[in-house]
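**Q** Residue numbering for the sequence shown follows this note's numbering, starting at 22 and increasing by one per position.
No residue lacks a Cβ here, since even glycine has one placed at the ideal position from N, Cα and C.
Since the structure is predicted, the reported quantities are computational estimates derived from the model, not experimental observations.
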Amino acid sequence: MSESVKLDRDEVLKIARLARLELDDAEVALFQDRLGRVLEYVRELNQVKTEKGASVKHVPRDAVSIREDRAIEFVDREALLSNAPAQIEDHFLVPTVIEQS
């Protein structure tokens with residue numbers, strides 16, 4: 022990957038505002054770098070030559086194998102929960118994503 026695209030502070034703040042995020046100065050600097058890397062990766066993907074490749078815009082319905090959707094009993098709850106970084110009783114504990122107002 023070449024040097025990442027550099028977003029200026031105002032661009033990051035505009036994106037944050039659209040996403041309804043409040044960023045401090047350290048977070049703005051962090052997202053300038055991270056968003057720049059994402060944009061650089063997208064720029065690299067846009068340079069990939071795909072003219073001769075097969076189109077996958079329309080996949081024939083019969084080409085997709087669909088299995089029957091059925092419920093099965095899960096018996097090893099302890100093994101599943103042993104992989105959880107945090108848990109409360111029999112439930113996964115996940116970080117808060119949306120704060121209550």
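1) From which residue to which residue does the alpha helix (DSSP H) around E61 run?
2) If the criterion is Cβ atoms closer than 7 Å, does the pair A30 and V59 meet it?
3) Quick check: what's the CA-CA separation for V115 versus R38?
4) Please name the residue in V96, P106, K27 whose C-alpha comes closest to that of L51.
5) Considering only the beta carbon of each residue, do L159 and Q108 sit closer than 7 Å?
6) Quick check: Q53 and V69, are their CB atoms within less than 7 Å of each other?
7) Under 7 Å between the Cβ atoms of A105 and F113?
8) Work out the CA separation of A47 and V118 for me, nearest whole Å.
**A** Quick look at the numbers:
1) If you number the sequence shown from 1, residue 61 lands on position 40. It spans 46–67 - the alpha helix (DSSP H) in which E61 sits, taken as one unbroken run.
2) Here the question's residue 30 lines up with position 9 in the sequence shown. Here the question's residue 59 lines up with position 38 in the sequence shown. It should be noted that the sequence gives Arg, not Ala, for residue 30. Not closer than 7 Å, so no.
3) As a working note, residue 115 is residue 94 in the sequence shown. As a working note, residue 38 is residue 17 in the sequence shown. About 25 Å.
4) Residue 51 sits at position 30 when you count from the first residue of the sequence shown. For L51, the nearest C-alpha among the options comes from K27.
5) Because residue 159 is not part of the residues shown, which for the chain are 22 to 122, the question remains open.
6) Working through the sequence shown from its first residue, we reach residue 53 at position 32. Working through the sequence shown from its first residue, we reach residue 69 at position 48. Not closer than 7 Å, so no.
7) For the purposes of this step, residue 105 is taken as the residue at position 84 of the sequence shown. For the purposes of this step, residue 113 is taken as the residue at position 92 of the sequence shown. Yes, these two residues count as a Cβ contact at 7 Å.
8) Indexing the sequence shown from 1 puts residue 118 at position 97. Indexing the sequence shown from 1 puts residue 47 at position 26. Answer to the nearest angstrom: the Cα atoms are 20 Å apart.
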